[in-house]
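Residue numbers (the numbering used here), protein chains in the order written: chain A, 23 to 959; chain B, -13 to 58.
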């Protein structure tokens, strides 16, 4: 057995120095004040029997199995709920305690099915373990029916696609309920009834699937028996080995134990030592991994001469040879700059590095861009301008010390659920919340959480709002002048700018739709409420002023001194698992790895010497520029790594035209995605379970991605890239992904101290990791900013040119939902479709009524660039005049209607503002007719 | 909107409007610097050619920026 079982200390660790010394069974141990006796015993190497305790949850004291004797204390207190005291002497084992524990176990077993040999948790059941540990040999009351009233006929709830609730095995320890409350923060579960009638319930009279449960798996993980059990374990059996790796979904980058039987993945269990998630998970990472073995996976290379031809399955040699030959032919005919590549945030740092190297050293140009272009490129620009580094400032754990949390344009409970749970925990402890979002996202009001202020601004007015908040800070003398004087520059000019009356809350109230007093109150809270932290998402970046807004938030943090320590900062919540990493690795057409401009002779020289070839000193094409150049005929071939640009990029018609104009489109992906419909070569990619490399999450944490199984395609993706390079005449070769990371470390100052060996030793590090910071940098800009002084930037509000008109009177904004992930290529191939079988258009009841639209009606959604059809869902989450949809399903194609508008500095598309009209469809269109519920596989 | 003006003109105008609050010469320098740092050579070349051809659809500050680019 190599199943990795982390130690369970019974109760959570307490912060502080180990100043309290106790003696447990003769063993002395020092622990921080507030530590439980149970945990102290475990620290001393002694296990106290337990059932209702686990170290992810606060002590509950219900099972009475952990009783101990303490000198000078009467009776037998529960060790989980008893805190240590200096000099305390504890006994955990003697005849009296053994008798008490056996008595407890007798009661449990008398009402428990004795089917251990056929139980799905056999070998992984704490009740079974405790029966052994306590030496239970008989149950005087009998068991099952003979013991009298029991719960053995309690029904099993199989409604959840991923786990069953077998109530007959429940011991009512409340661990599941507490996990839902304390860890996940959804509070979906409860104990219904009293005494003998107590039972776990997911809401009032509804099944798990129908309840508020978000299927994060915390309850399943906390359950000590088989009551809450993964269906995969029930079907396949208990796993026998585990590999610690990193999730391939969002930018939180959770660590998981991939648990297998042989080469078959049975389940993903969140890893307690994972720095990003510390043992928590969401429905995607925990359960939605089935796409990796889905029959739709393409496992062999395919080639065709034209897109009208059928695909031909070919050998790797032929596919790579064809690709290399065509790329060189096209360059010979159309010039060195006529080809390029797009890297993916779903691939590893090493895979991305290899692609950008191929472009720069082999293609001989800088036409490489990454999908961060369409999400967080403004973050890179804005934070580099102001702080000097294109990355968020904090680790996730920092939120535990925040007193005020400002969430702007992000929906963490759906997009970044594991971080949202951390955030909600802090909010339940009393931190204040400000939400700036056109939608009333769940965080605004959810169990035990209510935002102090919801600034429900009109889409496209972010900069006006952030300027108004800063205006209040400056004009009401809330500036941290000591911090500003010591740490920043260009403040005076900015102060004069922001103090102008046009930025006052009163002046912008008409523009933003947010009452001036609400803005003022929020500003005062942010500036004076203690540690204030900003968390933001694509609702900030995907605007015509995305970069300006990022700089506006940086200005605000600097002006109030909320930067450079725990509990504060400016924190992008990255969309995909390796957005940060793909940007770090030199995927932008103007930057070499480590965000160093291609015009920097010194930096270029490092790579020129190592790679043995001259590099261009001018930027290449960005993704939208590639599309434009393809249409104008100067860009003829594109290599797309793991990204479905035909579905994800705006103005679908324009993207289709560009892709259709290419002489060669090479797609490296798991599936024949929408983009592959325009492709000439399909190079099968590897899933995260097959990759060997690293991902870098939103907190700059570099995590190992370990191969759980051999590549189903026979090759790692970086190997394929190297072979194309070789066929193109450039000697590009690595023996392993580890060697690629060594080259990254050799050439990139912020990665200097990173290696696979180091990561395997310490778990993970947050860059910069170098001689100055050998253990990484959880909090950036502590003593000085990366650029020296933090720079204030003037952020003039310029309204977007995308305005509602008589023809298109509504504003559409787009986003994500919890159960689905981006274009859905992964999650649509899992049972997650049970929660979201199709994209719907959320429409305010007033806007619906005037159009004669009712909930569930098919509607046409049209903008100046396109038209699609969806089903309407009436919702007052948005104000009148604003509608909302997601973009997870290609059949509805939300990006058919989004436009070419983009952030002025980075060309990140303005997904969040599109003027649209919505009409009732009386006849089903081809689109709606096709849109039957997707069968879960 | 795509199709009505060349993309480099649309992009140049989008950049220019962000600097409209500055003095024209100052704005032009900022725009030119941004283009130098972020634009592919063929886009800069096309913009310069567009300016030389008249460029009535181009923001004046962007046109000035293109002339600065042409001079470097």
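Built from N, CA and C at the ideal position, the CB exists for glycine as well.
Remember, predicted model here, so these are calculated numbers, not experimental data.
For the options 918(A), 758(A), 856(A), 912(A), the alpha carbon positioned closest to that of residue 232(A) is the one of 856(A). Residue-level contact check: residue 608(A) does not touch chain B, since none of the beta carbons of chain B fall below 8 angstroms from its beta carbon.
If only complete runs of 4 or more residues are kept, the region 597 to 676 of chain A shows the alpha helix (DSSP H) at 601 to 606, 623 to 633, 645 to 654, 667 to 670, in order along the chain. Beta-bridge pairing by DSSP links residue 786(A) to 725(A). Rounded to whole angstroms, residue 312(A) and residue 910(A) show a C-alpha spacing of 17 angstroms.
For residue 441(A), there is no enclosing beta strand (DSSP E); the residue is found in the alpha helix (DSSP H) stretching over 439 to 450. Just measuring C-alpha positions, the residue of 631(A), 709(A), 216(A), 752(A) sitting nearest residue 739(A) is 709(A).
Per DSSP, reduced to three states, the secondary structure at residue 706(A) is strand. Contact annotation: residue 409(A) and residue 576(A) have beta-carbon atoms nearer than 8 angstroms. Taking the Cα of residue 2(B) as reference, the smallest distance to any Cα among 356(A), 429(A), 926(A), 240(A) is reached at 926(A). Following the DSSP letters along the chain, one finds residue 895(A) inside the beta strand (DSSP E) bounded by residues 889 to 896. Only residues of its own chain outside the window of five on either side were considered, and among them 607, 608, 770 have a CB closer than 6 angstroms to the CB of residue 615(A), listed in chain order.
Ranking 38(B), 39(B), 58(B), 51(B) by CA distance to the CA of residue -3(B) puts 51(B) first. Ranked by how close their Cα comes to the Cα of residue 465(A), the residues 440(A), 435(A), 513(A), 865(A) have 435(A) in first place.
Inclusion of residue 180(A) and residue 663(A) in the CB contact set at 8 angstroms is not warranted, their separation being larger than that value. DSSP places residue 692(A) in the coil class of the three-state scheme, outside both helix and strand. Excluding its 5 nearest sequence neighbours in each direction, residue 210(A) has C-beta neighbours in its own chain below 8 angstroms: 202, 224, 225, 233, 234, 235, 236, listed in chain order.
Residue 169(A) and residue 177(A) have their C-alpha atoms spaced approximately 19 angstroms apart. Under the Cβ criterion of 8 angstroms, residue 650(A) is counted among the residues facing chain B. Beta-bridge partners assigned by DSSP to residue 556(A): 428(A), 592(A). Collapsing the DSSP output to three states places residue 134(A) in coil. Using a 10 angstroms sphere on the CB of residue 852(A), the tally of other CB atoms reaches 16 or more, which defines it as buried. Beta-bridge partners assigned by DSSP to residue 585(A): none are found.
Chain A places a beta carbon closer than 8 angstroms to that of residue 3(B), counting this residue as a contact. As a beta-bridge residue in DSSP terms, residue 810(A) pairs with 807(A). CA-CA distance, residue 603(A) to residue 756(A), rounds to 20 angstroms.
Looking at the backbone, the Cα of residue 116(A) and that of residue 793(A) are separated by about 53 angstroms.
Those residues of the region 16 to 47 of chain B placed with their C-beta closer than 9 angstroms to a C-beta in chain A are 20, 22, 23, 24, 25, 26, 27, 28, 29, 30, 32, ordered along the chain. By the C-beta density criterion, residue 687(A) is buried, having at least 16 other C-beta atoms within 10 angstroms.
Per DSSP, reduced to three states, the secondary structure at residue 745(A) is helical.
Counting C-beta atoms within 10 angstroms of its own C-beta, residue 19(B) has fewer than 16 neighbours from the protein chains shown and is therefore classed as exposed. Taking C-alpha positions only, residue 759(A) is separated from residue 372(A) by approximately 6 angstroms. About 6 angstroms separates the Cβ atoms of residue 303(A) and residue 238(A), confirming a contact at the 8 angstroms cut-off. In the structure shown, residue 324(A) falls within a strand segment according to DSSP collapsed to helix, strand and coil. In the same chain as residue 287(A), and ignoring 5 residues on each side of it, the C-beta atoms closer than 7 angstroms to its own belong to 280, 311, 711, 730, in chain order. Of all residues in the region 561 to 574 of chain A, those with a C-beta nearer than 8 angstroms to a C-beta of chain B are 566, 567, 570, reading in chain order.
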